[in-house]
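Q: Quick note on this note's numbering: the sequence shown kicks off at 1401 and runs consecutively. Beta carbons are placed, not taken as given, at the ideal position from N, Cα and C, and that holds for glycine. Since the structure is predicted, the reported quantities are computational estimates derived from the model, not experimental observations. One structure coming up, written as structure tokens, with questions to follow.
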Amino acid sequence: MPNHVVVIGSINVDAILHIQRLPKPGETMEMDAFSQAAGGKGANQAVAAARSGAKTSFIGRVGDDANAAFMRGELVKNKIDTQYVATTSGEQTGQAYILLQASGQNSIIIQHGANFDLTPNDVQKAATLIQTADFVVAELETPVDATAKAFKIAKAAGKVTILNPAPAQKDLPLTLLKNVDLITPNETESELITGIPVTDEASMRASAAYYHELGIRGVIITLGSKGAFISLDGQATIVPAFKVKAVDTTAAGDTFIGALASVLQPDLKNIVEAATYASMASSFTVQKLGAFPSIPLGDDVKAALNEHK
């Protein structure tokens, strides 16, 4: 049976500004091109899980604009259950403005829109759905109190929770953290949360210890082109990244999370193998433009892993 992954999170339309480099203060420069694509951290993670074969459901909010119909259609097209995607009247669907440099690196400005209207009551309505999941996944582009409610329901039902603490926030509430099984920050996010700069393996282990002391069993610190550091049950390892030419890093981290959840065992015992699969999936994502358009199918990821052996 495939994993059942429930994602609580953001739904955005990405407006992508293709530029050679970031402008300096006071500088005016031309774009090379402009494009739009479906995105949002939560939606990206759900698509990544679904394309890797997971049964996937979504909890979130959209506005009552044209972008809402577009995003609902994109989620359904990817076989994602949208029963608990609610509508906020008089509000815009979330948007992200992405400054994509020729190097493939990006800077992102978020307009939350309806994403920030998600409430614990919305989550409570989806309690039965959460209780039937294998994994409940969330990030921080929707209100923390809604995520805390989802994780409380999940833990009470014995389900596994995965928190991607992005965009990073200081002083995350214990009501959330006490119900996290696996946390997946990148280097920058981890430093903001722990106060420990991630510079070498010793600092990664120190960061992991910080999370473990909070009661979080598993830690994955994603390191971009350097791979991912994993700490679980007293064991630590680094899963290397697959070397490719990056065109656009948008959704790479989200692809990692969704792909991971699709193949991870609920006991987390195959976490290294699952992270290797997720790393390969991310390597596909950075080679194409956009969020949804760049997320690979599971069969392609598996084929690439077999070729890499």
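#1: Alpha carbon to alpha carbon, how far is A1608 from Y1484? Give it in angstroms, no decimals.
#2: Using CA atoms only, rank isn't needed, just tell me which of P1567, E1589, A1556 and N1586 is closest to V1580.
#3: Rounding to the nearest angstrom, what Cα-Cα distance links I1419 and F1516 in this structure?
#4: Out of K1559, S1503 and G1460, which one is the CA nearest neighbour of G1440?
#5: Taking the alpha-carbon of A1443 as reference, which of G1494, L1632 and V1639 has the nearest alpha-carbon?
#6: Which of helix, strand or coil does DSSP assign to I1670?
#7: For K1477, count the other beta carbons within 10 Å of its own beta carbon; 16 or more makes it buried, fewer makes it exposed. Which is it?
#8: Under the DSSP definition of a beta bridge, which residues are partnered with L1417?
#9: For the beta strand (DSSP E) holding S1590, just list the boundary residues, first then last.
#10: Sorted by chain position, which residues of the same chain lie with C-beta nearer than 7 angstroms to V1639's C-beta, five sequence neighbours on each side aside?
#11: Who are the near neighbours of L1614 in its chain, counting only those whose CB is closer than 6 angstroms to its CB and skipping five residues on each side?
#12: Is the number of C-beta pairs between the stretch 1489-1503 and the stretch 1561-1574 that are closer than 8 angstroms three or more?
#13: If you draw a straight line from the C-alpha of A1496 to the C-alpha of L1417, how long is it?
#14: Does the stretch 1506-1521 touch the stretch 1541-1558, meaning 3 or more C-beta pairs lie closer than 8 angstroms?
#15: Take P1693 and list the residues in its own chain whose beta-carbon comes closer than 6 angstroms to its own, dropping the five residues that flank it on each side.
#16: Starting from the Cα of R1605, find the closest Cα among S1452, P1425, T1637 and I1408 and give me that residue.
#17: Could you work out which residue in S1683, G1473, A1602 and P1565 is closest to I1593 when comparing CA atoms only?
#18: Under three-state DSSP, which class holds N1412?
A: By the coordinates alone:
#1: Within the sequence shown, residue 1484 is the residue found at index 84, counting from 1. Within the sequence shown, residue 1608 is the residue found at index 208, counting from 1. Near 34 angstroms, if we compare the C-alpha coordinates of A1608 and Y1484.
#2: Taking the first residue of the sequence shown as 1, we reach residue 1580 at position 180. Sorting P1567, E1589, A1556 and N1586 by C-alpha distance to the C-alpha of V1580 places A1556 at the top.
#3: Numbered from its first residue, the sequence shown carries residue 1419 at position 19. Numbered from its first residue, the sequence shown carries residue 1516 at position 116. Cα to Cα, the separation comes out at about 29 angstroms.
#4: Stepping through the sequence shown from its first residue, residue 1440 is reached at position 40. For G1440, the closest of K1559, S1503 and G1460 by C-alpha to C-alpha distance is G1460.
#5: By one-based count along the sequence shown, residue 1443 stands at place 43. Nearest C-alpha to A1443: G1494.
#6: On the sequence shown, residue 1670 is found 270 positions in, with the first residue counted as 1. Position check: residue 1670 holds Asn in this sequence, whereas Ile was assumed. Of the three classes helix, strand and coil, the one that applies to N1670 here is coil, per DSSP.
#7: Numbered from 1 along the sequence shown, position 77 holds the residue referred to as residue 1477. When all chains shown are included, K1477 counts as exposed.
#8: The residue you call residue 1417 lines up with position 17 of the sequence shown. F1434 and L1499, per the DSSP bridge assignment.
#9: Translated into positions along the sequence shown, residue 1590 becomes position 190. It is not in any beta strand (DSSP E) - S1590 instead sits in the alpha helix (DSSP H) that spans E1587 to T1594.
#10: Within the sequence shown, the letter at position 239 stands for residue 1639. Once the five neighbours on either side are set aside, the close Cβ partners of V1639 are G1627, A1628, I1630, V1672, A1675, T1676 and S1679.
#11: The residue you call residue 1614 lines up with position 214 of the sequence shown. Closer than 6 angstroms at the Cβ level, and outside the excluded window around L1614, lie L1577.
#12: No, they do not touch.
#13: Taking the sequence shown and counting its residues from 1, the one referred to as residue 1496 is at position 96. Taking the sequence shown and counting its residues from 1, the one referred to as residue 1417 is at position 17. Note on geometry: alpha-carbon atoms of A1496 and L1417 lie some 11 angstroms from one another.
#14: yes
#15: By 1-based counting over the sequence shown, the position of residue 1693 is 293. Within the same chain, P1693 has close Cβ partners A1437.
#16: Here residue 1605 refers to the residue found at position 205 of the sequence shown. Comparing alpha-carbon positions, the option among S1452, P1425, T1637 and I1408 lying closest to R1605 turns out to be T1637.
#17: Residue 1593 sits at position 193 when you count from the first residue of the sequence shown. Per the Cα distances, P1565.
#18: Reading the sequence shown from its first residue, position 12 is the one you call residue 1412. Three-state result, N1412: strand.
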